[in-house]
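See structure below.
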Amino acid sequence: MSTADEMRLMDLLADRAVGELSVAEQAELAELLARHPEFDENSLDQAAALFASIAMPETHESMPEDLRRRIEAQANRIVPANRAKNSLAFPSSAARETTRSLLGRSLSWGGWILAAGLLIGISFLGREKGKGTSESAARKLEQFLATEKAYVRADGTAPDLKIAAGATGSIYWSGGQRQEGYMKLKGVPVNDPASKQYQLWIFDKERDERYPVDGGLFNVDSSGEVIIPITPKIPVKEATMFVITREPPGGVVVSDRKEIVLVASLK
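Residue 53 in the UniProt record's numbering is what sits at position 53 of the sequence shown, and the numbering runs on without skipping anything.
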């Protein structure tokens, strides 16, 4: 499954879990699920049901404010609130508001205990996700290279030694219907997401070079080799060059390219 399809499926399923799908979106979801039968379409519905199950009648005592804040804080660490500024798909704002509403309802002590258990589960999920991210990306890249025969590879280096001295990388990309790719980077400086983030730009032969395709935001938390999935915001017809820049948190729509970290060209 391409990254773009996976992102769209997660988005549609999150909206379905809170009853926000239009007729057109329902048709789109059905078509995507038919193309990807391996995808678990019930995962987000089950999560929504779990949150709903902790809501108790208004006659019971309310959840302690500290517990409610801790659950929200843990959830926000895993699922950032601003979906538009991230390269991955996250539950819709409606889903987040529904969760806040449920957490704000009155709970019995039994409900509080269940909520505390949910907090522990969320914490564990967050740790496991962070621990396995690089391994998962590595497996996906291996699978991609084994199954995709039409991919292209572009090797890149850092043009500005003051920004990323010694940084190197390889871009593996398949356009067409797949629209999937990965970056294997080495020596890219570890960044502080609160200060700067990395952003990939894909130059398309069919587009004005002033406006390359946004290939996604990412962070580097290891000084060794890292593998990052490419998440283009729109389809790329014919990639010619990949450029990584350093941008303010949340990224930009159009980069001034003052801080170029790596350039990999197919020309």
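All C-beta atoms in this analysis are idealised placements derived from N, C-alpha and C, irrespective of residue type, glycine included. Note that the structure is a prediction, hence the values are computed from the model and not measured.
- Annotated three-state conformation of L13 is helix, per DSSP.
- When rounded, the separation of the alpha-carbon atoms in E209 and V226 is 28 Å.
- Taking a cut-off of 8 Å for Cβ pairs, the region 195-206 and the region 12-31 do not touch, as fewer than three such pairs fall below it.
- Nearest to R246 by C-alpha distance, out of D214, P235 and P229, is D214.
- The residues T168 and E225, in chain order, have a CB closer than 6 Å to that of K186 in the same chain once the five nearest residues on each side in sequence are set aside.
- If you draw a straight line from the Cα of V188 to the Cα of T157, it comes to about 10 Å.
- A residue is called buried once 16 or more other Cβ atoms fall within 10 Å of its Cβ, and E180 is buried on that count.
- Of the other Cβ atoms in all chains shown, 16 or more fall within 10 Å of the Cβ of P212; this residue is therefore buried.
- Counting only residues of its own chain and dropping the five nearest sequence neighbours on each side, D5 has a CB closer than 7 Å to the CB of L32 and H36.
- For M183, the closest alpha carbon among the candidates F242, V23 and E25 is that of F242.
- Separation of K196 and K237 (C-alpha to C-alpha, rounded to the nearest whole angstrom) is 29 Å.
- In this structure, the straight-line span from the alpha carbon of I260 to that of E148 is close to 29 Å.
- Taking every protein chain shown into account, the CB of R139 has fewer than 16 other CB atoms within 10 angstroms, so this residue is exposed.
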